Amino acid sequence: MGSALRDSKDDMAGTGVNMDRVVVAMSGGVDSSIAAALLKERGYDVIGVTMQVWPRSSPGGTTPVPERSCCSLAAVEDARRVASRLDIPYYVLNMEEDFSREVIDYFCNEYIAGRTPNPCIVCNTRIKFGLLLDKARALGASYIATGHYARICYDPSTRRHLLKKARDRHKDQTYVLYNLTQDQLASTLMPLGEFTKDETRALAAKLGLRIADKPDSQEICFIPDNDYRRFLAERVPHSVNPGPILDLRGNVLGEHKGIAFYTIGQRKGLGISAREPLYVVALDRERNAVIVGTESEVYSQGLIAGSVNWIAIEELVGAREARAKIRYYTEPAHAVISPLKPGYVEVGFAEPQRAVTPGQACVFYDGDVVLGGGIIEASLR
Amino acid sequence: MEKIYLDHAATTPMRPEVLDAMLPYLKDRFGNPSSIHSFGREARKALDEARDKIAAIIGAGPDEIIFTSGGTEADNSAIKGIALARRDKGNHIITSSIEHHAVLDSCKALEKQGFKVTYLPVDQYGLVRPEDVRSAITDETILISIMHANNEVGTIEPIAEIARVAREKGVYFHTDAVQTVGQIPVNVEDLGVDMLSLSAHKFYGPKGVGALYVRKGVRALPFMHGGGQERGRRAGTENVPGIVGMAYALELAVKEMDENIKKVSGLRDALIRGVTERIDHVRVNGHPVKRLPGNASFCFEFVEGESILLNLDMKGIAGSSGSACTSGSLEPSHVLLAMGLPHEIAHGSLRLTLGRDNTMEQVRYVLDVLPEIISKLRSMSPFGRTAQ
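The listed protein sequences correspond, in order, to chains A and B. Residue numbering for the first sequence follows this note's numbering, starting at 86 and increasing by one per position. Residue numbering for the second sequence follows this note's numbering, starting at 2 and increasing by one per position.
Encoded structure:
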């Protein structure tokens, strides 16, 4: 097994003995499995854990368990098999209550407030690099590790731990990691940062792990069918709260089902006919209104971000250039970022950006390096 | 690193003598007991002897023993079998809130089919009160199922008293005796029960085999169909090697019972005393006297049972917290919650269950290691700091 790893990644597969204990968050998927394999190979004292964050079944056993969800019994069995193949201890940790409170409630409340949340970011901050890190330390571990595609390194000149984009730009996941503190970064290993997804899969195949061909996980682990509207309507019935669809001048164009069911930039499902295509440009909680506009009205010159976390710098002291990434699947855009009151940043784009969405993260980059990021509070037209 | 096994309530290691007794039936004597030829007769003879032995030990008749795949099947057969057979008599079942999930979930499944179930509360020691059973009985009550001893906290229930109430009212009474058979004396006549479940791997026998005692005259509908085995009460070719092993394991357990109770309860008392002396803010769960010889159950305030368990595992010590489900995930214990422990304290539970192979040196090792683990975990917990 060791030789399989060494062949493909000579520079990474240190042969020295390293007795640091590391807890690897294992989902049963390819990435976290290979992360565990690599760390074991490098001589760490590896413990595998799966965070069970979603009820597997209710007593009496009638609630169907999402088969593809990362905490389904099948996923736990996959992770357990991998751990057993790697000959590492493996535990399932029950985090249902914390996850429900910290992530799912947040997720629902944001939608109800007319914002579009990113639950992965909150899960990373509170659960994975929060609660799990605490539990890992309780097990005597110095680090936790994940299968994220991102790189963490230490910059002696600034004495800060840096978060950098993954070598595989297509898989880079720094966007959902911008909120990590220096303490969390110092205690985290992300061994896949230097690998491409294809290399990871090839390694899995070499190691004979059955999961080599498993599809990538879906977007929101607790909504396996990806229908967040159905999920919201079931979990928070009062989110179904019809109101007016207005244009930017306040004319009533139709009726919506509840602002929670709409996102900025959305065109389909508005149920109104107009001469030119209309898009959601804002969600107004005060008036319980969905505001629509034309294509050009979906664009913003800038935004205000709050709850800002800095990684590469201690504080933003003056305006500076940066690249700003406003959603997971959008390339970072040229921008100038300037400090406002503590915790807030104003972002001015060089080119107007489409569908700036409150509730999503805005992450600031300097080349490969994550400067920091925050949550979009408002778009500036 | 020496490994110390303190999870005998989950399962026990099979005794080598038991394996030796089983081996012929895994090799040359492989016959099907239902066959008429010499191979079949040989297997049938072993089956009959095993049945006689087990029946005699628990005070039953041989035709009152139904072999099953284990305790869970025995519990399911008893509860569902009676419920379905007596549906025309009534639709009410009484059980306790601290039963094993094999009983609780069988009852929940029946609730979905229209049965009404009363889950009786327990006192702070985990004891069911016979008067609660009496007042829960209605004209509709067809079955009472109360466990002989609890698997988490080790409390031994007043089964004979409850059985008297049941008999007086003409209601069938089942007890899940998976934790007691082979550990303490169990006799169906003394207890006065109509049905009793037992499982071989809890008394140093093989896994995948158990039995249900059903008193003569009690009619339960079978829920396995497909052959006339076990007098039509449980279809399927009998697990002959397993049954032979179970009978022999039980025979050995009963032969050595007095000596074993003395030894194991001595270790248990040393463990409980040592833990309560060396660690503050600890509660001992269960009844001080009416408890299984091997059971030591604790709640450590300000720490999670899960973390204790994992740290013990890394020191080679195998314990348990709450009840282990199929995935190895840890839930707050329904038993401790039913006993009135607050949620956050029930989360800090640790169950150590001793067995015949444990030694005083092992107990001393645990007493060396556990206080360190608890104080380390408390120093990391926001609640723990205030406690120290």
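Glycine included, every Cβ here is placed at the ideal spot set by N, Cα and C. In this text, all values refer to a predicted model and were calculated from it rather than measured experimentally.
Residue i versus residue j: straight-line alpha-carbon distance, rounded
i	j	result
residue 438 (chain A)	residue 325 (chain A)	30 Å
residue 100 (chain B)	residue 152 (chain B)	8 Å
residue 188 (chain B)	residue 27 (chain B)	31 Å
residue 172 (chain B)	residue 220 (chain B)	13 Å
residue 237 (chain A)	residue 450 (chain A)	14 Å
residue 14 (chain B)	residue 320 (chain B)	14 Å
residue 373 (chain A)	residue 386 (chain A)	25 Å
residue 120 (chain A)	residue 251 (chain A)	14 Å
residue 337 (chain B)	residue 307 (chain B)	15 Å
residue 440 (chain A)	residue 364 (chain A)	9 Å
residue 285 (chain B)	residue 298 (chain B)	6 Å
residue 423 (chain A)	residue 409 (chain A)	12 Å
residue 4 (chain B)	residue 358 (chain B)	12 Å
residue 163 (chain A)	residue 8 (chain B)	26 Å
residue 182 (chain B)	residue 199 (chain B)	6 Å
residue 240 (chain B)	residue 378 (chain B)	46 Å
residue 284 (chain A)	residue 253 (chain A)	10 Å
residue 288 (chain A)	residue 261 (chain A)	25 Å
residue 222 (chain A)	residue 116 (chain A)	23 Å
residue 135 (chain A)	residue 169 (chain A)	13 Å
residue 212 (chain B)	residue 446 (chain A)	60 Å
residue 168 (chain B)	residue 61 (chain B)	18 Å
Cutoff 9 Å: residue i Cβ touching any chain B Cβ
i	result
residue 220 (chain A)	yes
residue 418 (chain A)	no
residue 176 (chain A)	yes
residue 331 (chain A)	no
residue 378 (chain A)	no
residue 345 (chain A)	no
residue 145 (chain A)	Any reading at residue 145 (chain A) is ruled out, since the residue's pLDDT is 36, under 50, leaving its predicted position unreliable.
Host beta strand (DSSP E) of residue i (start-end)
i	result
residue 424 (chain A)	418 to 424
residue 246 (chain A)	245 to 250
residue 197 (chain B)	196 to 200
residue 379 (chain B)	From DSSP, residue 379 (chain B) is part of no beta strand (DSSP E) but of the alpha helix (DSSP H) over 361 to 381.
residue 204 (chain A)	Element bounds for residue 204 (chain A): not the beta strand (DSSP E) but the alpha helix (DSSP H), 204 to 207.
residue 40 (chain B)	No beta strand (DSSP E) contains residue 40 (chain B), which is instead part of the alpha helix (DSSP H) from 39 to 59.
Assigned exposure category for residue i - 16 Cβ within 10 Å defines buried
i	result
residue 344 (chain B)	exposed
residue 196 (chain A)	buried
residue 307 (chain A)	buried
residue 362 (chain A)	exposed
residue 258 (chain A)	buried
residue 43 (chain B)	buried
residue 29 (chain B)	exposed
Assigned secondary structure, residue i (DSSP; H/G/I helix, E/B strand, else coil)
i	result
residue 131 (chain B)	helix
residue 249 (chain B)	helix
residue 326 (chain A)	coil
residue 179 (chain A)	strand
residue 394 (chain A)	strand
residue 554 (chain A)	This structure gives no information on residue 554 (chain A), because the portion of chain A shown stretches from 86 to 466.
residue 267 (chain A)	helix
residue 27 (chain A)	Any question about residue 27 (chain A) goes unanswered here, given that chain A covers just 86 to 466.
residue 152 (chain B)	coil
residue 448 (chain A)	strand
residue 338 (chain A)	strand
residue 346 (chain A)	helix
residue 144 (chain B)	strand
residue 371 (chain A)	coil
Minimum Cβ-Cβ distance from residue i to chain A less than 9 Å
i	result
residue 315 (chain B)	yes
residue 375 (chain B)	no
residue 378 (chain B)	yes
residue 312 (chain B)	yes
residue 278 (chain B)	no
residue 305 (chain B)	yes
residue 350 (chain B)	no
residue 321 (chain B)	no
residue 308 (chain B)	yes
residue 11 (chain B)	no
The alpha helix (DSSP H) enclosing residue i, as first and last residue numbers
i	result
residue 255 (chain A)	Per DSSP, residue 255 (chain A) belongs to no alpha helix (DSSP H) and is neither H nor E.
residue 192 (chain A)	190 to 197
residue 275 (chain B)	258 to 279
residue 319 (chain A)	313 to 320
residue 403 (chain A)	Run containing residue 403 (chain A): none; DSSP gives neither H nor E here.
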